[in-house]
Each structure stands twice: as C-alpha cells, then as structure tokens.
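Colleague: Read left to right, the sequence shown gives residues 1 to 755 (UniProt numbering). Ideal placement from N, C-alpha and C gives every residue a C-beta, glycine not left out. Note that this is a predicted model, so its numbers are computed, not measured.
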Amino acid sequence: MSQQENDNEKKDLPKKEIFHSENSSEENKKDQPRVGDANGEKTDGNAFSRSTEVEPTKEKEDQLENAMLEETDSSALRAKSEAKEKEYSNGLKTNEETEMPDELNAEPENETESKPLEKELSENSGKEENSVSEEETKSTASSSPDENEEEDTTPVSKKNAHTEFEDSVAEDSEDETSHERHGIEKKDYHSMSKEELVSELEKLLSKEKIQTIKEHVEEIKNEFNAKFDEELEEKKEDFLAEGGNVIDFHYSTPLKKQFNSLYFDYKEKRNNYYQQLKQDLNKNLSKRLEIIEELKGLLDVEENINTTYKHFKELQDRWRTAGPIPRDKYNTVWNTYHHHVENFYDFLHLNREFRDMDFKHNLEQKLKVIDRAEELTQEKDTSRAFRELQMLHKMWKEELGPVAKEFREDIWTRFSEATKKIHDLRQAYYDQLDQEFEKNLEVKEEIISKIQVLAETQFTSHNQWQQRIKELEAFRDQFFKAGKVPREKNEQTWSAFKQSVRQFNRNKNSYYKGLKKEQYENLEKKRELIRIAEENKDNEDFKATTPIMKQIQLDWKKVGHVPRKDSDKVWKQFKSACNHYFDRLHKSTTEENTEEQQAFDKKKEILDNLKTVEFTGEKKTDLPKIKAAIEEWKQVGKVPYNKRFIEGKFNKLLDQLFSKLDVDNNKVEMMKYENKLHALNEADDDKKLRNEHYFLTKKIEETVAEIRQLENNLQFFANVDDDNPLVQDVHKNIQDHKDQLEVWKEKLQKIKSLY
Numbered sequence: 001m002s003q004q005e006n007d008n009e010k011k012d013l014p015k016k017e018i019f020h021s022e023n024s025s026e027e028n029k030k031d032q033p034r035v036g037d038a039n040g041e042k043t044d045g046n047a048f049s050r051s052t053e054v055e056p057t058k059e060k061e062d063q064l065e066n067a068m069l070e071e072t073d074s075s076a077l078r079a080k081s082e083a084k085e086k087e088y089s090n091g092l093k094t095n096e097e098t099e100m101p102d103e104l105n106a107e108p109e110n111e112t113e114s115k116p117l118e119k120e121l122s123e124n125s126g127k128e129e130n131s132v133s134e135e136e137t138k139s140t141a142s143s144s145p146d147e148n149e150e151e152d153t154t155p156v157s158k159k160n161a162h163t164e165f166e167d168s169v170a171e172d173s174e175d176e177t178s179h180e181r182h183g184i185e186k187k188d189y190h191s192m193s194k195e196e197l198v199s200e201l202e203k204l205l206s207k208e209k210i211q212t213i214k215e216h217v218e219e220i221k222n223e224f225n226a227k228f229d230e231e232l233e234e235k236k237e238d239f240l241a242e243g244g245n246v247i248d249f250h251y252s253t254p255l256k257k258q259f260n261s262l263y264f265d266y267k268e269k270r271n272n273y274y275q276q277l278k279q280d281l282n283k284n285l286s287k288r289l290e291i292i293e294e295l296k297g298l299l300d301v302e303e304n305i306n307t308t309y310k311h312f313k314e315l316q317d318r319w320r321t322a323g324p325i326p327r328d329k330y331n332t333v334w335n336t337y338h339h340h341v342e343n344f345y346d347f348l349h350l351n352r353e354f355r356d357m358d359f360k361h362n363l364e365q366k367l368k369v370i371d372r373a374e375e376l377t378q379e380k381d382t383s384r385a386f387r388e389l390q391m392l393h394k395m396w397k398e399e400l401g402p403v404a405k406e407f408r409e410d411i412w413t414r415f416s417e418a419t420k421k422i423h424d425l426r427q428a429y430y431d432q433l434d435q436e437f438e439k440n441l442e443v444k445e446e447i448i449s450k451i452q453v454l455a456e457t458q459f460t461s462h463n464q465w466q467q468r469i470k471e472l473e474a475f476r477d478q479f480f481k482a483g484k485v486p487r488e489k490n491e492q493t494w495s496a497f498k499q500s501v502r503q504f505n506r507n508k509n510s511y512y513k514g515l516k517k518e519q520y521e522n523l524e525k526k527r528e529l530i531r532i533a534e535e536n537k538d539n540e541d542f543k544a545t546t547p548i549m550k551q552i553q554l555d556w557k558k559v560g561h562v563p564r565k566d567s568d569k570v571w572k573q574f575k576s577a578c579n580h581y582f583d584r585l586h587k588s589t590t591e592e593n594t595e596e597q598q599a600f601d602k603k604k605e606i607l608d609n610l611k612t613v614e615f616t617g618e619k620k621t622d623l624p625k626i627k628a629a630i631e632e633w634k635q636v637g638k639v640p641y642n643k644r645f646i647e648g649k650f651n652k653l654l655d656q657l658f659s660k661l662d663v664d665n666n667k668v669e670m671m672k673y674e675n676k677l678h679a680l681n682e683a684d685d686d687k688k689l690r691n692e693h694y695f696l697t698k699k700i701e702e703t704v705a706e707i708r709q710l711e712n713n714l715q716f717f718a719n720v721d722d723d724n725p726l727v728q729d730v731h732k733n734i735q736d737h738k739d740q741l742e743v744w745k746e747k748l749q750k751i752k753s754l755y
C-alpha cells in the first residue's frame, strides 16, 4: 500500500462510527470494560478494549520479526530512540499537580530505585498520556465556571475543565474502589437532630468502607458539634444564671459520649487503612518504576528481537496489574511509561500496515469513549455524568494507546468539547443550587427575625415563658429544616441565629432567677405554716384548733410556688401534719355522733314521759316536777345537729305547762332561756351564741331608749293628777319596759358566763 493511499484511508476513517478490530481476540473482548459507571456496569452496550496493543496474527508476527531483523546496528537504534525521546520531551505539557492528603504523602521506599527516573519524571510531569503536542493542548485550554472540589458545596475556585478531571482521576487512582464513594447517598444532615446524626454515623461505619465516607462523616461531625455547642451554651447560661462559677461548669450527655466513641473508631480505622495504603502505594510505585527501567533497558538488550518483543508484552502485563500509586506521582509516572512505550514502537520500526492497524484499533476505542462522553452531555444527573466522565478520562489515559497524528487533534478536540459541556452543566447545576441556597437564606433570616422579636419581648408569667419556649423550639426546628445557605453567608447566619437564641435564653434566665428568689421567700412562708401544723396536730382542744388548721390550709393555697427541688418535700410535711390532726378529729367526731344519738334517744324519752305526767294545776306540786324534768334534760347532753328540733318541742311543752300554773312570767322565761343556752353551748354553736349575744345587746339598747322616751312623755302631764287613766297607763308601760329590761340584762349575763 502506498503512502498516499494509506494517508487517504486514515483521513476517511469515521470519527463517530463504532467498530471493533478484526484482529482483537475473543479473550480480549471478554476482558473489555463496559462504559457506564465506575463499577463497570453496562449502560449503552458500548465496549472498550482494555488492551493498548493489537495481538498480531502469525503473518504479522513474521513481518514484525523481519522488520526487527533489519535493524542490526544497536547503536544506531539507540541514537534514533534518544532523538525520538528528545523530540517527545520537547512537546510535553505541564499540568497542575494535585495536592496529596496527609494520609497519602507517599514517597518511594527504595530511593535507589527511583533515582534513575527522577530527572525523567520531572521532565515528563503533567505530560498528556497520548503524546499531545503543545498546539493540541492549547486548543483544548478554555476558561470554565468556578467548580467545587466537593460535589455538594458551592464552587469557590476556578479550574480548567480538563485539569479538574486530571486531578480527580489522579485522586481516584489511589483507591480502586473509589467509585463506591460516589454511590453513597448524601442526605440532608443539616436538618437532622443529634440523635439522627449519631444513627447515620453508626450506619456508615457498619455498612460502608472506611475510605469512602470521609465527606459524609465530616459533615455529620460539623452538624453534630454545631448543635451540641448550641445546647452547651444554653446549659452554661442556665448554670451561670443559678449562681454557678464558670470554672466549675462541665456538661456532657450520653449521646455526646456515644458520638465521640463512634468518631474515634472512625479516625482509628481510617488511619490504619491509610497507613497500610501508603505502604501499598509506595510498593506499587516501586514496581512501576522498575517496569519503566526495564522498558528503557529493552533498547540496550542484545538478543533476538522476538524475545525482546515478548519481554515487552510481559512488561505490559505486569504494568496492568501493578496496582495504584500515590496521586502526586500518577501523571508523571503514566506519562513516562507511555513515552517509553512509544520509544519502543519506534525502536521496533514496525511495518506500516501493522502500525496503522494498531492506530486504527486505538482510534475505534477512543471514538467510543468520545461517543459516550457526548451522550453524557444529555444526562440529567450532572453528578453521575461527572463521575462517569472521570472514568472515561481514566480509561483514555490508562488503557488506550496512541492514534495516527492526523486524527489526534480532531478526537482530542471532540473529547475536550464534551468534557467542557459536562463541566458547564455541572456548573449550571451549582448555580441552581446557589439560587436555592439564597431562598433558604431568606427563610432563615425571617426565622431569626421572629426569634429576635421573642428575645426582645418581656414576659411576666411562667405560663407566658413556657409558651414562648415552645415557640422557640418550633423556630429552631424550622431553621435546621430550611436547608443550606451560601457558604459565604453560613457563618454569619449561624452566628445571628445563635445570638438571638442566646439573648432569648438570657432574658428567660433573668426572669427565672427573679422567680427563684420569690420561690425561696414562698418556701419560708410554707415552712412557717408547717411549723404551726406540727405544733397543733396533737392538740386535744378540737374546738379551738380546728379553725386554726383550716386557716393554715387556706393560707397554704395562697402562697405561690417554691423551688421544684423542695416542692414535694414541704408539701408532704404539711399534708402529713394536717392529715394527722383531721384523722384525730374525725375519730373524735365519730365517737361524739354515737353519744349524740344516745342523747337524742334519752331526750325523746324524757319528752314522752313529761307528756304523760298528770299535773294538778297546783304550783306547789307541779312546779317541782317541771323543774326536775328540765334539770334531767340538761344533764343528757347535746343531740345530733339534724335532730335539734327536739329542743323546740320540749320548750313548747314547757310553755303549755307553765301557762297552767300561777308562776311569775319572768322566772318562767329565765328557766326556758337557761335550757336554750344549755342546748346551744352543748352544740358548740359559737355562731348562734354570738348572734344571741348581739340580739340581747340590741334589745337592751332599744328598751332603754323606749323607757327614756316614755319618761320624757310624762313631762307633758306635769299638771295632770296621777290618778288620770292616761298617766297611769304611761307609768304602767314604763314599769313593764323596766321589768323586761331586767330580763334582757339577766339573759345577757347568762350568755356572758358561757365565754
């Protein structure tokens, strides 16, 4: 095939058509990874060959051997290789090196093995894996929107789209299970309670690999600490408000201890993992550097070219299974490896047909990568598209070999454009998140304003404060459920929230501090009432003690709250003393009720007997009988309250008996009155006694006034004879009033004798 025909065939190669090399073995096809996600799951059925070389047929191997045998001057070959290497090195592009975490600050363990490549690695730092020239690199460099290092945060730094993917690929290259990190669900930890956060941390530690959960654990830690610190500040304010000293303050909870224990386990497991990983990465780095040294040494070996080629294939197999290496060495090591692979191809001086076939196969695979990248520009899940594009970049770099020069710029441009589109879509997604964060900020600022209103309002009762505390808790829940805010506003918003809550708590504590002072005063009042109850609980004078005990019970109800820690104690003391007294009173009353019923039965018997007595109408014989009945009546005692009617029946019978006798009315009146007073006194009816005393006093005053008025009226009859009927009537009226006055006075003396 002529050079022109070959070039035309290359130019006519389709840029999007997917096809497989006919020379690819069935075994290679089985080993091909499927494009889709990091787990190698098939998405669109497009397959890529993991082999960077095409296994030659027997005919091609013969051609290859003949071509190799043509080069007999090894010094000429070395000179040609060195010239090619120099030409290649001049076209290298330098990329930003990604920062390596502390856990993975890996250095080669065997310095002697790494030294031969130090200069070369430095020269090849950042070189594109497919020998892209400076012109090709410039064609893909373009500005891009700010990107975030983490998928769920606001972008803060500007990065070239390809640089970002290079960094991501280098980072993920350290861990072959890195794709699992992207598959863990990212929850809204900001809206979770402390209990829920601890539960989530426990689930992550038990179900996920330790190296995949860093972002989740750190966000959980930040949210938990923020919420606990707020609770800590509130408890500290309460402690100081109660008069505590700040140096004596200490606060923890079982939940905090559980979180600390889980986080300690996480750090310990993570450190152990990365210590082991560091050793493994450095061992793998040493293996790869040894392979590169052996690859370079193939140019100096004096042996059959077929043997050299087999050795080359063995080195490629060893390279594929050498394992991950430190991220800061990833680009330079891979670029150096690809550089020497191309040198070896030049050293072999392959015939045109075989080389073109190899380039054609690589082109096919890279077109598949490009097609999948372009399909990802339509993916709605930008995070998923970004992660899969990372895998495509890794495949482009690690698994696919070079293509013919006339296609390099075109396919790299297409791949770069697809990369930039996904990069821009991802940035648009973050822009949308920014808008949502701004809305969340407005919601949180409104909540803070409402809390501030609560904080600036003075409440004057316990019930009011309890209601406002519930409102504050509701606002707190709304605040945490409102979602994230822009990163630059996060600290400011959080500080404003804490400040408003702190002000509310200070006002609350100030109120309850004053309330506690009042409660201690109430405590002293209640202790005084307890003292009175204790002094009187065994008093035998129920008549005098019962009013006192009833009054202190009323006073107890009027006294306000006491400190909660003393409330139950003082109430039990007071209740015990009161119950002791009233139990005694009840027992005594029960006994009295029995006696009163017996007294009623006795008085009923006396009344019935008195009704059956036959009176002669003679004062001398009947009056002693009546007086004896009255005296017997007095000796019986009081009757139940609801049966006092018998006193009225007895007095009515006496009126009937006295009316039949010629007895002085005043004497009769006094005998009946003495019996009445005796009944009132036995009934312990102080109220009726007081009313009777008042009645007699009033009657005496009225009688004296009437006598004075009648005596004044006599002055109008000064010149009238005493035998005048009108004058005699006035004198009689005056005497009757004086007689009645004496009765009133005698009754008053009788009632006074009872006090």
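(1) Can you list the alpha helix (DSSP H) stretches of 4 or more residues lying completely in the segment 255-296, in chain order?
(2) By Cβ distance, which residues of its chain are closer than 7 angstroms to S500, with the 5 residues on each side in sequence left out?
(3) Measure the CB-CB distance between F582 and A533 and report whether it falls below 8 angstroms.
(4) Can you tell me the Cα-Cα spacing of I626 and S659, whole angstroms?
(5) For the alpha helix (DSSP H) containing A455, list its first residue and its last residue.
(6) Between the C-alpha atoms of S261 and N284, what's the straight-line distance to the nearest angstrom?
(7) Tell me which same chain residues have a C-beta within less than 7 angstroms of the C-beta of K513, skipping the five on either side of it?
(8) At a Cβ threshold of 8 angstroms, is L315 touching chain B?
(9) Entirely within the segment 622-662 and at least 3 residues each: give me those beta strand (DSSP E) ranges in chain order.
(10) Quick one: what's got a C-beta closer than 6 angstroms to Y273's C-beta in the same chain, skipping five residues either side?
(11) Quick one: what's got a C-beta closer than 6 angstroms to L441's C-beta in the same chain, skipping five residues either side?
(12) Give me, in chain order, the residues of the same chain whose beta-carbon lies closer than 8 angstroms to that of E223; leave out the 5 immediate sequence neighbours on both sides.
(13) Indicate the three-state DSSP secondary structure (helix, strand or coil) for T377 in the structure shown.
(14) Drop a sphere of 10 angstroms on the beta-carbon of V613, count the other beta-carbons inside from all chains shown, and report buried for 16 or more, exposed for fewer.
(15) Three or more C-beta pairs under 8 angstroms: does that hold for the segment 330-337 against the segment 291-298?
(16) List the endpoints of the continuous alpha helix (DSSP H) containing A385.
(17) Use the C-beta contact count for G401: other C-beta atoms within 10 angstroms, 16 or more gives buried, fewer gives exposed.
(18) What residue from K366, N343, L281, I305 has the CA that sits closest to D328's CA?
(19) Whole angstroms is fine: what's the gap from E342's alpha carbon to E364's?
(20) Check G323 in the structure and name its three-state DSSP category.
(21) Excluding the five sequence neighbours on either side, which residues of its own chain have a C-beta within less than 6 angstroms of the C-beta of K602, listed in chain order?
(22) Just how far apart, CA to CA, sit E647 and A679?
(23) Express the C-alpha separation of K394 and I325 in angstroms, rounding to a whole number.
(24) When burial is assigned at 16 or more other CB atoms within 10 Å of the CB, is E406 buried or exposed?
(25) When the Cα of L255 is compared with those of K194, K747, E237, which residue comes out closest?
(26) If you check the beta carbons only, do E632 and V743 fall under 8 angstroms apart?
(27) For L216, does the three-state DSSP call read helix, strand or coil?
(28) Starting from the Cα of S206, find the closest Cα among A226, L232, Y263 and give me that residue.
(29) Among the residues of its own chain, which have a CB less than 8 angstroms from the CB of K745, if the five just before and after it don't count?
(30) Looking only at its own chain, which residues have a Cβ that is under 6 angstroms from the Cβ of L657, when we skip the five neighbours before and after it?
(31) Are A482 and K444 close, meaning C-beta to C-beta below 8 angstroms?
(32) Compute the distance between the beta-carbons of L585 and T616, then report whether it is under 8 angstroms.
(33) Where does Y345 sit, in a helix, a strand or coil, going by DSSP?
(34) Considering just the uninterrupted stretch of the alpha helix (DSSP H) at Y512, what are its terminal residues?
(35) Should A76 be labelled buried (16 or more other beta-carbon atoms within 10 Å of its own) or exposed?
Modeller: In short:
(1) none
(2) I448, I451, Q452, A455
(3) no
(4) 12 angstroms
(5) 405-456
(6) Cα-Cα distance, rounded: 34 angstroms.
(7) A241
(8) Any reference to chain B falls outside this structure, which holds one protein chain only.
(9) none
(10) I210, Q211
(11) V485, K489
(12) Y189, H190, M192, L197
(13) coil
(14) exposed
(15) Yes, the segment 330-337 is in contact with the segment 291-298.
(16) 382-398
(17) buried
(18) Residue L281 is the option with its Cα nearest to D328.
(19) 19 angstroms
(20) Collapsing the DSSP output to three states places G323 in coil.
(21) V636
(22) 8 angstroms
(23) 14 angstroms
(24) exposed
(25) Of the listed residues, the one whose Cα sits closest to L255 is K194.
(26) no
(27) Checking the sequence shown, residue 216 turns out to be His, not Leu. In this structure, H216 counts as helix in the three-state DSSP scheme.
(28) When the alpha-carbon of S206 is set against those of A226, L232, Y263, the nearest one is in Y263.
(29) I700
(30) Taking L657 as the centre and dropping the five residues before and after it, the same chain places the C-beta of I626 closer than 6 angstroms to its C-beta, in chain order.
(31) yes
(32) no
(33) helix
(34) That run of the alpha helix (DSSP H) goes 487-536.
(35) The predicted model places A76 with a pLDDT of 42, which falls under 50 and marks its position as unreliable; any figure quoted below should be read in that light. Exposed, because fewer than 16 other Cβ atoms sit within 10 Å of the Cβ of A76.
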